[in-house]
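The structure under discussion appears below in the form of structure tokens.
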Amino acid sequence: MTHENFPSVLKALHECMEACNHCYDACLQEEDVNAMVECIRLDRECADICAFLEQSITRNSPYMQEIAKVCITACEECADSCEAHHHDHCQKCAKACRKCADECRKLIA
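Rendered as structure tokens:
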């Protein structure tokens, strides 16, 4: 199994990482930052895990499936958190996270 087999997964991972990083930064600019703390934390975790899985896939890591499972969990939890906020950046992030989780399931199927 090589990374060439998973172009849609790699794309979704990268897009999710970017969306989470954007959401993280935008949440820090919100008027009530304290209300965004969990969203910010999950944005950071999800972005880092997506980036790590993306790297793992490109180097054909023997731990790819295990990392994918963690990534799915991180994406789903981040999406849940973001969906609780009305901000556009949160809604876009949630959508990217849901798509990423769905794509990552291809790695463990």
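Start counting the sequence shown at 7; every next residue gets the next number (this note's numbering). Where a beta carbon is used, it is the ideal one built from N, C-alpha and C, also for glycine.
Asked                                                                                                                                                                         : Found
Figure out for me which residue from E10, M70, C29 has the closest Cα to the Cα of C103.                                                                                      : C29
Is the Cβ-Cβ distance between L59 and S87 less than 8 Å?                                                                                                                      : no
Rank C81, I46, C33, R65 by C-alpha distance to the C-alpha of E21 and give the top, closest one.                                                                              : C81
Label V39 either buried or exposed according to how many other C-beta atoms from any shown protein chain fall within 10 Å of its C-beta, with 16 as the threshold for buried. : exposed
Starting from Y30, trace the alpha helix (DSSP H) in both directions and tell me its first and last residue.                                                                  : 13-34
Indicate whether V15 and I55 have their beta-carbon atoms separated by less than 8 Å.                                                                                         : no
Assuming contact is defined by CB atoms lying nearer than 8 Å, are L78 and A107 in contact in what I supplied?                                                                : Note that residue 78 is Ile in the sequence shown, not Leu. Going by C-beta atoms, I78 is nearer than 8 Å to A107.
Take the Cβ of E37 as the centre, count every other Cβ of all protein chains shown within 10 Å, and call the residue buried at 16 or more, exposed below.                     : exposed
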